[in-house]
Structure formats: structure tokens, C-alpha cells
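Positions in the sequence shown are counted from 1; adding 62 to them yields this note's numbering.
Ideal Cβ positions, reconstructed from N, Cα and C, are used throughout, including at glycine.
Worksheet: the structure to be examined is printed underneath.
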Amino acid sequence: MKALKERILQDGKCFEGGILKVDNFINHQMDPILMKSMAVEFVRRFAGTPINKILTIEASGIAPAIMVGYLLELPVVFAKKKKPSTMENMLTTTVYSFTKDRSYDVCVSSDYLCAGDKVLFIDDFLANGNAAKGIIDLVEKAGAELVGMGFLIEKSFQHGGDYLRGKGIHVESLAIIESLDNCEIRIKE
Ligand code: 5GP
């Protein structure tokens, strides 16, 4: 998606270990106009896919997910990173975060992720695919169906996308970063 690619080149910053910071428009300050355009693009790319629920993980996935849910007029559920003591019918999985170098539990209530749901997962980044694998596990535990996964930014050099596409999942990424070597951002045409 042209506008996102241009914005990444303009405002994105590279950090050691293959990390791209987009705090200027996605992860800290947010640009709602761009966020809306990205959601419109997801709606276009997943047109024809039967979806009845949008799923994401807190915190950075919530903004794009709610925009998509708003456009499609569908409920948006976010998986939580801290287990609330009051959550009923909790489904849990463990996710390894390479940006934080630790594992954490992610949970969602089966009141909101249910058998028969046709789920579109939306998140900010796809890197090694660990968060996505956790989501696949949660969707399976709920007896729901994962109909697609949409990412604002995919870092193809970390190969989570290869894994997900290899499993036959419909993956859409609005910008694909091929390399951050030498702190130079190279985006797929
Ligand atoms: P994965 O689980 O695919 O390895 O990583 C995805 C998650 O890690 C995303 O939800 C995102 O929060 C975080 N992440 C991975 N790589 C980056 C990155 O380069 N920049 C930022 N800001 N977050 C990242």
C-alpha cells in the first residue's frame, strides 16, 4: 500500500536486531487518517471472505482492528496479555515475544471467541509469527475458524509470513519489509 510504504520511509526508524519503530504514526502517536486508509485496504483485500468477528492482541493491534470492525460493522475482540482474575471461560496460550525476549500468556474469553465464529485477525506487525501462532491456537481452542490474517507491516526476513502462508492461511500485509540491514529500510515494491 503506497501511502503506508511512503510513511514508513519518511518516519520509520531502524533499531538493532531487525526492529522497525513506527512510533510516529502507529505504535505511540497514531495517524487516524492513515489508519482508516489501511482499514479500507484490508476491507478491499478480504472482500468476499465470510467474516463475523475481528480479533487482535492488545495493545497495538487494537487501533487497526477497530477501524476494520467499524467499516465492516463487526465486533472486535482483543486477546489480553494479563489474565484478569474475573475473566470467565478463559482460553489461554503462550506467546514468545522476540522484541521483549520473553514469553507471556495471552487469553480470551470463550464468551467472545466462540465455536462457529469466522475470524479475521488484524495486527500491527508480523515478524517471526509467534503472536500469530498463539492466535491460531486460541481460535482452535474456541472451535472457531480463522478466515484470514491482516498485518500493517510484515518483515519478510523473519519468515512468519512463510509459515502462515505455508499453512494455507490467507495473509495480507500492507507493507512488506525485505531488509533492515545496515539500518536501511528496504520495502518490497
Ligand atoms: P512475531 O510474533 O510475529 O514475531 O512479532 C509480532 C509482534 O511483535 C507484533 O505484535 C509487534 O507488537 C511486535 N513486533 C515485532 N517486530 C516488530 C518491529 O519491528 N517493530 C515493532 N514496533 N513491533 C514489532
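{"query": "DSSP three-state label for Gly212, please.", "result": "strand"}
{"query": "Mapping the DSSP letters down to three states, classify Asp163 as helix, strand or coil.", "result": "coil"}
{"query": "For Ser171, which of helix, strand or coil comes out of DSSP?", "result": "strand"}
{"query": "Beta carbon of Ser218: closer than 7 Å to some heavy atom of the ligand 5GP?", "result": "no"}
{"query": "Tell whether a beta-carbon distance below 8 Å holds between Ala237 and Ile70.", "result": "yes"}
{"query": "Kindly indicate which three-state DSSP category Val84 falls into: helix, strand or coil?", "result": "coil"}
{"query": "Indicate the three-state DSSP secondary structure (helix, strand or coil) for Met152 in the structure shown.", "result": "strand"}
{"query": "Rounded to the nearest angstrom, what separates Glu120 and Asn244 at their Cα positions?", "result": "31 Å"}
{"query": "If I follow the unbroken alpha helix (DSSP H) through Asp199, where does it start and stop?", "result": "192–204"}
{"query": "On the CB-based measure, 16 or more other CB atoms within 10 Å of its CB, does Pro146 come out buried or exposed?", "result": "exposed"}
{"query": "Quick one: what's got a C-beta closer than 8 Å to Arg164's C-beta in the same chain, skipping five residues either side?", "result": "Tyr158"}
{"query": "How big is the Cα-Cα spacing for Lys180 and Val233?", "result": "15 Å"}
{"query": "What is the rounded straight-line gap between the Cα of Asp199 and the Cα of Arg106?", "result": "27 Å"}
{"query": "Is Ser159 near the ligand 5GP - that is, is its Cβ less than 7 Å away from at least one heavy atom of it?", "result": "yes"}
{"query": "Are the CB atoms of Ala141 and Gly178 within a distance shorter than 8 Å?", "result": "no"}
{"query": "Helix, strand or coil for Ile95? Go by DSSP, reduced to three states.", "result": "helix"}
{"query": "For Glu78, list the residues DSSP reports as bridge partners.", "result": "Partner(s): none; Glu78 has no beta bridge."}
{"query": "Which residue wins for smallest C-alpha separation from Ser99, given the options Ala65, Gln220, Val209, Glu78?", "result": "Ala65"}
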